[in-house]
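Note sheet for the following structure.
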Amino acid sequence: MQALDPLKLPLSGKNLIQASAGTGKTWTISLLYLRLILEQHLTVDKILVVTYTRAATDELRSRIRARLKEAVAAYEQPELASHEYQALLEQYPADTERLWYLQRALLSFDEAAVFTIHSFCQRVLQQHAFEVGIPFESELVASEADLQLQLTDQFWQQRLVYPNALDALVLSTNKITPETLLQEVAEFIGRPYLQIIRAQSYSEAEFKALKQHYEALLQQASLVWTQDQAAIIQLLNDKQRLTQKTHGPSTIQKALAAWTAILSGKLEAEHQELLAKLGTQALMAGTKAKQEPPQHRFFDLMDELLVPCAQLLEVRTLALEQLRHDLLVWLREQLPERKRLKGQLTFDDLLVNLQTALQQRPALAAQVAEQYQVALIDEFQDTDPIQYDVFERIYRHTQGQVYYVGDSKQAIYSFRGADIYTYLQAAHCVEHQQRYTLARNFRSQPKLLEAFNLLYARSPDPFRNDQRIAYETVSSGGTVKHELVCEPSLAPLRIWDFQGDPQHECSLGEVQLAVAQAVANDIARLLLQAQQGQATIGDQALTSGDFAVLVRSHRQGRMIKEALQACGIASVQKSPKGIFETEEAEELRLVLSAIAEPSQISKLRRALVTELMGGTAQTLLALDANPALFDAELEDFFRWQYLWQKHGFMRMFRDWLDKRKVRARLLAYVDGERRLTNLLHLAELIHVETRKQAPSLHTTLRWLQRRASEQAGEEHQLRLESDENLVQIVTIHKSKGLQYKIV
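Numbering (the numbering used here), first residue to last: 255 to 997.
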C-alpha cells in the first residue's frame with residue numbers, strides 16, 4: 255500500500271485507507287471533510303459519515319465540528335493559523351469564497367449526515383417508506399429478545415415436552431433450558447447471509463443399538479468391579495510397577511471417581527479421558543522399565559468401553575447440534591412474521607430491509623447516491639456482509655465517492671457480527687492505486703514502534719492467513735511525551751518467557767497465577783524506584799495511575815488485582831459489561847434458581863458451591879455423608895422459596911443475606927467491596943422489576959438471564975470506582991481506542 259497524504263489524495267472513486275492505531279485516523283477523516291467542502295463545495299448534508307456505535311458517532315461528530323470551527327478561524331486570520339492548517343491554506347489559499355463555504359458548513363452542521371449504520375438505514379427507509387413498502391407505523395425496538403424467548407418456549411413445548419430418544423439424551427445432561435438453547439443460537443439469527451448446514455446425526459435405531467452395546471459392557475465391568483474391587487485398587491496403587499507421572503495417586507483417584515460417575519449414569523468427555531487411564535493399553539504405557547504391567551479383566555473392559563463411550567458422546571453432541579439447528583431454522587422462519595404482526599422492527603431489520611430494497615429497486619440506489627454524494631465509512635473492519643453490500647449497491651455504478659477507513663488488525667468484534675473477511679473482500683475490490691495506509695504513529699514511543707516493526711518483520715505472514723492481513727511498517731510521527739526513564743533502563747517491548755518446573759506439568763491456572771505475580775512484582779519494583787527518585791515518566795515521578803494491565807477476561811483481571819493487592823498496590827478493574835453480566839449476577843442466578851426449585855438437587859448443589867454461599871467440594875461430600883445436614887440445607891431453600899412467594903423478593907433476599915453471612919464472606923475478598931456493591935445493586939434492580947408486575951419466580955429468573963444477553967441501560971451499568979491514581983486493569987475489548995503511559 256502507498257502512504258497516504260490526506261491533502262494529495264484524489265477526491266474521486268472508491269478508496270481504502272488502512273489506519274493503524276495512533277496514526278491520526280480521525281484527523282484524516284476531518285481533513286478529507288474540509289477538502290470536500292473547500293474543493294467540491296459540498297454541503298454537510300451531502301457528505302455521509304458512518305461509524306458503528308453511538309458513542310463513536312457522537313465523538314466523530316464533535317471532532318469534525320471542532321475542526322470546522324478551527325478551519326473557519328484559520329481562514330479568517332491566516333497569519334494566526336496553527337501549523338496544522340498551514341498546509342491546507344497553502345493548497346487552498348484563504349479567500350472570501352472559501353471562508354463562506356466553511357462558515358456555511360459550520361452554521362448548518364446540525365444537519366450534518368454523521369450517523370451510525372443503523373440510523374443511516376432508518377433514515378433512508380423512512381424517506382422512501384412508500385417505495386420500499388415499509389409500514390409508516392412500524393415501531394423500532396432495541397431488542398427482540400423477549401420475542402425470541404417466547405418463540406423458543408413454543409419450540410420447546412412442541413419438540414421437547416414429549417421428546418424422542420435422541421432429544422431425551424440431550425435433556426438428560428440437565429444443563430439445557432430454553433434460555434441456554436436460545437443463547438447458543440442467538441448471534442446467528444440476524445445473519446441471513448450465513449448458510450445453515452444440517453448436522454449429520456444418528457438414527458434412533460442406531461442410537462438404540464449403540465446404547466444396548468454400551469450398557470452390556472458397562473454391566474460386565476460393574477460386575478467385575480463389585481467382585482474384585484480391592485484387588486483392582488491394589489494393582490492401580492502399585493508404585494513399584496507404575497510411573498507416578500502418569501498413574502500417581504491423584505490421577506488414579508480422579509480416574510476411579512470418573513468410573514463411579516459413569517456407573518451412576520453420568521458420562522462426560524472428561525470421564526472418558528480419565529477412564530482411559532484404567533485401561534490395559536494406558537497401564538502398559540505407564541509401566542516402569544523391567545516391570546510387568548498390571549493385568550486384570552477389569553482393565554480390558556475399560557479399553558472396550560472407550561469406543562462406545564466416545565460414540566455415545568458423539569451422538570449426544572450431534573443431537574444437540576441438531577436441536578440447535580432446528581431451533582435456528584424455526585426462529586428464522588417465525589420471527590419475521592411475528593414482528594410483522596406486532597408492527598415491530600429491530601436495528602438488524604433496518605439493514606436487511608434496506609439491502610432488500612436496494613436489490614429489488616436499483617433506482618433507489620441512485621437516489622441515495624445523489625442524496626449522499628460522498629461516503630466516509632469509519633471503523634470499516636467492523637462491518638459485516640450486509641452492511642458492505644448496502645454501500646456497494648449505492649455507490650457501485652455512480653460518480654459518488656467512497657472512503658473505507660479501517661484496520662484489519664483491530665477487527666475484534668466478531669461477537670457483534672463483524673466479519674474480517676468482508677473487510678478483506680472490500681479491500682480486494684478497491685483498485686490497487688487507491689489503497690492507502692497511514693504510515694506515521696503519533697501516539698507511541700518511537701523505540702516501541704521500532705520494536706514492533708522488528709518483531710513482525712521476522713515473519714512474512716505474521717497473522718497466519720496467507721498474507722491476506724499484512725503488517726504495514728509504521729514510523730514515528732515525532733517525539734512523544736511520557737517516556738519512561740529508569741535505572742537500569744528497560745526495553746520498550748519486553749516478552750517474558752515462562753520457565754516452569756520441567757519435572758512438573760503446570761496447569762493453566764498455575765501459569766496464569768505466575769503471570770499475575772510477575773506483572774505485580776514488576777509494577778511494584780518500578781514504583782519502589784519511583785519513590786527513590788529513580789523512575790520517572792517525562793519529568794514526573796512514576797505513579798500507580800501510569801500503569802494499565804490489559805487482560806483477556808475479568809477472571810484474569812481479578813487474579814492481577816489480587817496479586818497487586820498482595821504487593822500493597824491499589825488497582826481498579828474496569829469492566830465493559832453491565833451489572834447483569836458480572837460474576838455476582840451469574841452466581842445470584844444460580845442461587846435463585848435453586849430457591850425456585852429446591853427439589854432439583856443438582857441446582858441446590860451448584861448454588862451451595864458459589865462464592866456467594868461459600869461451599870466447596872468438601873461441603874458437598876459432607877452433605878452426602880450426613881442426611882440430616884442435607885435436610886437442613888433443603889429446609890432453608892424451601893423456606894426462602896416461601897418467603898419469596900408470600901412476602902416478595904427483597905424480604906427473602908435480606909433473610910438469605912443475613913442467615914448465610916454473605917456480606918462478611920464477600921468483604922473477605924480483595925475486591926470484596928466491589929462484589930458486595932454488585933450484589934446489592936442487582937438485588938435493587940430485581941426488586942424494582944418484581945414490584946412492576948409481581949412476576950413468578952421463574953419469570954424473574956428468565957428476566958435476569960435475558961438482561962445478561964442484552965445491552966444494559968444506563969441505570970444498569972456497573973457502579974465503578976473512579977480513582978484515576980490506581981493501576982488500571984482493563985479488558986482488551988474495553989481498551990480499544992484508549993491510551994495509557996505504560997501497558
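For glycine and all other residues, C-beta sits at the position ideal for the given N, C-alpha and C.
Computed from a predicted model, the values in this text were never measured in an experiment.
Is Gln729 helix, strand or coil by DSSP?
The sequence shown places Ser at residue 729, rather than the Gln named in the question. Reduced to three states, the DSSP call for Ser729 is strand.
Under DSSP, the beta strand (DSSP E) around Phe553 begins and ends at which residues?
First-last for Phe553: Arg551 to Lys596, but that is the alpha helix (DSSP H), not the beta strand (DSSP E).
Candidates Glu385, Glu591 and Gln794: which alpha carbon is nearest Leu738's?
Nearest of Glu385, Glu591 and Gln794 to Leu738, Cα basis: Gln794.
To which residues of the same chain is Gln827 closer than 6 Å at the C-beta, ignoring the five residues directly before and after it?
Excluding positions up to five away in sequence, the list reads Gly811, Lys815 and Ile983.
Which class does Ser504 belong to by DSSP, given the choice of helix, strand or coil?
Note: Ser504 maps to helix in three-state DSSP.
Could you tell me the distance, in whole angstroms, from the CA atom of Gln786 to the CA atom of Leu780?
Per the coordinates, the alpha-carbon of Gln786 lies some 10 Å from the alpha-carbon of Leu780.
Cβ-based neighbour list, Gln545, same chain, cut-off 6 Å, excluding 5 preceding and 5 following
These residues qualify, in order along the chain: Arg495.
Through-space distance from Tyr657 to Asn269, alpha-carbon basis
So the two alpha carbons sit approximately 5 Å from each other.
Might you give, ordered along the chain, the residues of its own chain that have their beta carbon closer than 7 Å to the beta carbon of Arg973, omitting 5 neighbours on each side?
Low local confidence applies: a pLDDT of 43 at Arg973 is under 50, so the model's placement there is unreliable, with the coordinate-based value given in what follows. Here the set comprises Thr931 and His935.
Nearest-angstrom Cβ-Cβ length linking Leu435 and Leu577, presumed shorter than 8 Å
Indeed they touch by this definition, with Cβ atoms about 7 Å apart.
Let me know the secondary structure DSSP gives Thr514 once reduced to three states.
Here DSSP, grouped into helix, strand and coil, assigns Thr514 to helix.
Where Ser950 and Asp400 are concerned, what is the direct C-alpha to C-alpha distance, given to the nearest angstrom?
Each residue's alpha carbon lies about 16 Å from the other.
Do you know offhand how far Ala802's Cα is from Asn707's?
About 22 Å.
Candidates Tyr346, Leu261 and Leu599, of which the one nearest Pro389 by Cα
Of the candidates Tyr346, Leu261 and Leu599, Leu599 places its Cα closest to the Cα of Pro389.
Going by alpha carbons, who is nearest to Leu1000 out of Ser713, Lys508, Gly387 and Pro417?
Residue 1000 lies beyond the range of the chain shown here (255 to 997); nothing can be said about it.
Return the CA-CA distance between Asp636 and Ile451, expressed in angstroms with no decimal places.
Approximately 25 Å, taken between the alpha carbons.
Could you give the residue range of the alpha helix (DSSP H) that holds Gln641?
It spans Pro639 to Tyr649 - the alpha helix (DSSP H) in which Gln641 sits, taken as one unbroken run.
By the DSSP assignment, the beta strand (DSSP E) with Asn269 in it spans what residues?
Counting along the chain, the beta strand (DSSP E) containing Asn269 begins and ends at Lys268 to Gln272.
Same chain, Cβ closer than 6 Å to Cys375, five either side skipped, listed in chain order
The residues are Leu604, Leu605 and Leu608.
Check this for me: beta carbons of Asp557 and Gly540, under 8 Å apart or not?
Not a contact, by the Cβ cut-off of 8 Å.
Inter-residue Cα distance where the pair is Ser362 and Thr836
Distance from the CA atom of Ser362 to the CA atom of Thr836, rounded to whole angstroms, is 44 Å.
By Cβ distance below 7 Å, which residues in the same chain neighbour Leu744 in space, the five residues on each side in sequence not counted?
Cβ within range, chain order: Leu738.
Label Gln331 either buried or exposed according to how many other C-beta atoms from any shown protein chain fall within 10 Å of its C-beta, with 16 as the threshold for buried.
Only exposed fits Gln331, as fewer than 16 other CB atoms lie within 10 angstroms of its CB.
Can Arg718 be considered in contact with the ligand PLP, in the sense that its beta carbon sits closer than 7 Å to one or more heavy atoms?
Because no ligand of any kind appears in the structure shown, any question about the ligand PLP cannot be addressed here.
Per DSSP, the bridge partner or partners of Thr985
DSSP, once it has assigned bridges, lists Val805 as partnering Thr985.
Residues that Cys740 bridges to, as DSSP identifies them
Answer by DSSP bridge pairing, in chain order: Ala789.
Closest by C-alpha distance to Leu904, when choosing among Leu846, Tyr306, Leu858 and Gly869:
Reading the sequence as shown, one finds Met at residue 904 and not Leu. The residue with the shortest Cα to Cα distance from Met904 is Leu846.
What number of angstroms, rounded off, separates the C-alpha of Lys663 from the C-alpha of Asn775?
Distance between Lys663 and Asn775, taken at the CA atoms: about 31 Å.
In chain order, what residues of the same chain lie with their CB nearer than 6 Å to the CB of Gln641, ignoring the 5 residues before and after it?
Non-local beta-carbon contacts of Gln641 in its own chain, meaning distances under 6 Å to residues more than five positions away in sequence, involve Ile371 in chain order.
Which ranges would you report for the alpha helix (DSSP H) in the segment 677-721 if only whole runs of at least 4 residues count?
Counting only runs of 4 or more, we get 700-711.
When DSSP builds the beta bridges, which residues end up paired with Asp840?
Before going further, note that residue 840 is Glu rather than Asp in the sequence given. Its beta-bridge partners do not exist; DSSP assigns none.
Tell me which residues share the same chain as Val684 and place their Cβ nearer than 6 Å to its Cβ, disregarding the 5 neighbours each side in the sequence.
Correct list, in chain order: Lys268 and Leu270.
Of the residues Ser730, Thr676 and Tyr677, the one placed nearest Lys701, counting alpha carbons only
Considering only alpha carbons, the answer is Ser730.
Candidates Ala824, Met813, Phe752 and Glu764: closest to Ala778 by CA position:
It is Ala824 whose Cα lies nearest to the Cα of Ala778.
Distance check for Leu582 and Arg594, CA to CA, integer angstroms please.
In this structure, the CA atom of Arg594 is about 19 Å from the CA atom of Leu582.
Quick one: Cα of Arg694 to Cα of Glu646, how far?
Distance between the alpha carbons of Arg694 and Glu646 is about 30 Å.
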